[in-house]
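Structure record follows, encoded as structure tokens.
Residue numbers (the working numbering): 3 to 508.
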């Protein structure tokens, strides 16, 4: 890979690494890239002959059938067709190739006018497809018994470790600022714990997160591996092979260095997707090389899909409970109002009671284009700016749930809204729409609550001078590093590790 030219070292350099087109694969399998119509070979990994048993050189333009045998070529074509001919993979387990007696597991998919065929030796005595399916069904039934996020995450980590046998399994949740936090962990005795620790956003750059959304499973069998190149080299003017959906895709050497610095020699990540967005990862680590057979990986992906659904359900349940409590408290207040009062006039004298009801530092009421407040609250001009944001009137900002007459809250007002000027007195806000009329909101405020965050190592990448210029390197220590955090309130909905995750923070 050609080094990126750079004159200034900053975190965006990592975001420009083209990790989807590495031009090489991991060595625990082989790859053939073929034409989608003729299935003639376009590219082959340097180890393709060794894995397929084909002893002659595999050259561009060679038909697929002589290389792997007529029966295997027929089965692979059918698998590709049955998968829909797109990036969704077709799978053949235990396939025997024409020049080898050792069965292989095959994954085939089409992407960007190329068909990518991946071969992995079947694990003798390993889990069969039926074994993997039975185990997955058992785990799905057990995870379905959990209803709250904290217990769900804890059970998920434990069950995945049982299923896949890794030394450590973590449930890793992305935060609003792109950083991540370990909310559950199951590990082998004697290992350092990362439970509750934070990892900076730069550990998983933007393009890596994009791949996690596209491809739910990524395995690294050995973080010290030597990449196997695709041959021939990409000619000038040709598009490189996009391996976004490939299982064997070679990974960034920076990431391998990162894993080695952690003492990790094998890893697997299972994406947790909620409403189509990357919510987090099931992250698996092992202190020695480890190849998980394809049937188990398929089962792990199915489990990850169901786990993602359960996370979504648990979050919605917690949000509904929190919203219900807020509505219940509000309804009790509204029931005592006179029918002759306007909304603002009727509630103005009760704002102090709202401060007690919602355990907050200030309350504001915007109704009929007027503002009334009690306790720590924004000024009139700041309140108007916030209300316009909540109502979706600021074109440069996305619409919020409050603009759809739903409860909305944040514990980091400045970061969430990109509105400045509130300072430490107003760090968190809960917006409760009072009517279907835009801008009628009861606003509950909390002031800043300074706290410490524990990071897994100092969350600032170091600069290394090389013959190709300066580059950012992964940190070499993952000892706990503590940071003082300002500008945030205590959360409205407790963090997943709390046993009261569905209640408003007290």
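Heads up, the beta-carbon is just placed ideally off N, CA and C, and yes, glycines get one too.
Would you kindly work out how many angstroms separate the C-alpha atoms of residue i and residue j, rounded to a whole number?
i	j	result
residue 201	residue 180	9 Å
residue 368	residue 25	58 Å
residue 203	residue 284	16 Å
residue 91	residue 281	23 Å
residue 89	residue 34	16 Å
residue 97	residue 123	9 Å
residue 298	residue 185	24 Å
residue 193	residue 208	29 Å
residue 409	residue 434	5 Å
residue 187	residue 266	16 Å
residue 494	residue 158	25 Å
residue 303	residue 219	6 Å
residue 465	residue 443	With a pLDDT of 48 at residue 465, under the threshold of 50, the modelled position of this residue cannot be trusted; read the value that follows with caution. If you take the alpha carbons of residue 465 and residue 443, they lie about 48 Å apart.
residue 64	residue 81	21 Å
residue 268	residue 190	15 Å
residue 334	residue 173	39 Å
residue 270	residue 224	11 Å
residue 319	residue 126	44 Å
residue 257	residue 326	44 Å
residue 264	residue 300	27 Å
residue 417	residue 389	16 Å
residue 279	residue 351	43 Å
residue 411	residue 383	20 Å
residue 130	residue 74	19 Å
residue 205	residue 199	13 Å
residue 142	residue 288	24 Å
residue 259	residue 95	33 Å
residue 437	residue 407	8 Å
Sorted by chain position, which residues of the same chain lie with C-beta nearer than 6 Å to residue i's C-beta, five sequence neighbours on each side aside?
i	result
residue 275	310
residue 154	148, 312 and 316
residue 47	27, 32, 33, 230 and 232
residue 490	413, 414 and 429
residue 49	32 and 230
residue 353	365 and 376
residue 175	183, 185 and 282
Can you give me the start and stop residues for the beta strand (DSSP E) that residue i sits inside?
i	result
residue 96	92 to 97
residue 448	443 to 448
residue 411	410 to 412
residue 122	116 to 123
residue 47	43 to 47
residue 279	279 to 288
residue 275	268 to 276
residue 106	106 to 113
residue 433	430 to 435
Here's a check: name, in chain order, each residue in its chain whose Cβ is nearer than 7 Å to the Cβ of residue i, leaving out the five neighbours to either side.
i	result
residue 344	370
residue 362	446, 447 and 448
residue 54	32, 69, 70, 99, 101, 102 and 121
residue 36	42, 43, 44, 66, 117 and 119
residue 254	19 and 21
residue 314	276 and 277
residue 468	Low local confidence applies: a pLDDT of 49 at residue 468 is under 50, so the model's placement there is unreliable, with the coordinate-based value given in what follows. Answer for residue 468: no residue qualifies.
residue 177	183
residue 197	184 and 187
From what residue to what residue does the alpha helix (DSSP H) around residue i run?
i	result
residue 258	255 to 263
residue 35	Segment 32 to 36 is the beta strand (DSSP E) holding residue 35; no alpha helix (DSSP H) there.
residue 348	345 to 350
residue 376	Taken as a continuous stretch (DSSP letters only), residue 376 belongs to no alpha helix (DSSP H), being part of the beta strand (DSSP E) at 372 to 377.
residue 354	353 to 359
residue 363	Residue 363 -> no alpha helix (DSSP H), and no H or E assigned at all.
residue 68	66 to 70
residue 415	415 to 419
residue 382	382 to 392
Just to confirm my understanding: we take residue i, look at its own chain, exclude 5 residues before and 5 after, and list those with CB closer than 8 Å. What are they?
i	result
residue 357	363, 364, 365, 376 and 377
residue 229	24, 26, 27, 28, 29 and 252
residue 145	154, 157, 158, 161, 305, 308, 309 and 312
residue 290	267 and 268
Indicate whether the contact test is met: 3 or more Cβ pairs, each with one atom in the segment 159 to 176 and one in the segment 290 to 299, closer than 8 Å.
-> yes
Mind the definition here: the segment 31 to 49 touches the segment 206 to 217 only if three or more C-beta pairs lie below 8 Å; say whether that holds.
-> no
Can you list the alpha helix (DSSP H) stretches of 4 or more residues lying completely in the segment 192 to 254, in chain order?
-> 208 to 216
Hey, is the segment 342 to 361 in contact with the segment 374 to 392, meaning 3+ C-beta pairs nearer than 8 Å?
-> yes
Mind the definition here: the segment 231 to 238 touches the segment 96 to 112 only if three or more C-beta pairs lie below 8 Å; say whether that holds.
-> no
Contained beta strand (DSSP E) runs [length at least 3] in the segment 141 to 186, N- to C-terminal order | 170 to 176
Does the segment 59 to 67 touch the segment 244 to 262, meaning 3 or more C-beta pairs lie closer than 8 Å?
-> no
Cβ contact (3+ pairs, closer than 8 Å) linking the segment 76 to 89 and the segment 129 to 138 | no
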